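Colleague: Dropping a structure here in structure tokens format, bear with me for questions.
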Amino acid sequence: MFRFTSLSSGSQGNALVVQTLDATFMVDCGLGLRDVEERLSRRQLAPCDLDFILVTHEHADHVGGVAKLARAADCPVLASHGTLAAMGAD
Numbered sequence: 001m002f003r004f005t006s007l008s009s010g011s012q013g014n015a016l017v018v019q020t021l022d023a024t025f026m027v028d029c030g031l032g033l034r035d036v037e038e039r040l041s042r043r044q045l046a047p048c049d050l051d052f053i054l055v056t057h058e059h060a061d062h063v064g065g066v067a068k069l070a071r072a073a074d075c076p077v078l079a080s081h082g083t084l085a086a087m088g089a090d
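For the sequence shown, this note's numbering gives the first residue as 1, with consecutive numbering after it.
What follows is the structure, encoded as structure tokens:
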């Protein structure tokens, strides 16, 4: 089973939740933490349900909320070395 749920798409912020039998993770998070929490809760999810955050690239509309969400979810951020460095998380 794979379930893809778009929480937001566009220049104001991108966030996609992927659920499999083994993991629940977010691809990008360009939204603020409050918006993410609200949009996750509409789907009966919370930050603590995330196993990790996968970041595609370092544009602000993809990473704007990653650091706060990762802290709230207590989960790792997976990204290329260059993306992590650009985010200041290297």
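Where is the CB? At the ideal position from N, CA and C, for every residue including glycine.
If you're wondering where the values come from, they're calculated on a predicted model, not measured in any experiment.
(1) Using the Cα positions of K68 and G32, report the straight-line distance between them to the nearest angstrom.
(2) From what residue to what residue does the alpha helix (DSSP H) around D35 run?
(3) Since M26 contacts I53 with CB under 8 Å, what's their CB separation in whole angstroms?
(4) Using CA coordinates, which residue listed in S80, D61, L78, R71 is at the minimum distance from G10?
(5) Using a Cβ-Cβ distance under 7 Å, would T24 count as near chain B?
Modeller: Taking the coordinates as given:
(1) Position 68 of the sequence shown holds residue 68. Position 32 of the sequence shown holds residue 32. Their backbone Cα atoms lie some 8 Å apart in a straight line.
(2) For the purposes of this step, residue 35 is identified with residue 35 of the sequence shown, where counting begins at 1. Per DSSP, D35 belongs to the alpha helix (DSSP H) from 33-41.
(3) If you number the sequence shown from 1, residue 26 lands on position 26. If you number the sequence shown from 1, residue 53 lands on position 53. At roughly 5 Å, the Cβ-Cβ gap stays under 8 Å, so M26 and I53 are in contact.
(4) As a working note, residue 10 is residue 10 in the sequence shown. Measuring C-alpha to C-alpha distances from G10 to each of S80, D61, L78, R71 identifies D61 as the nearest.
(5) This model lacks chain B altogether, as it is built from one protein chain only.
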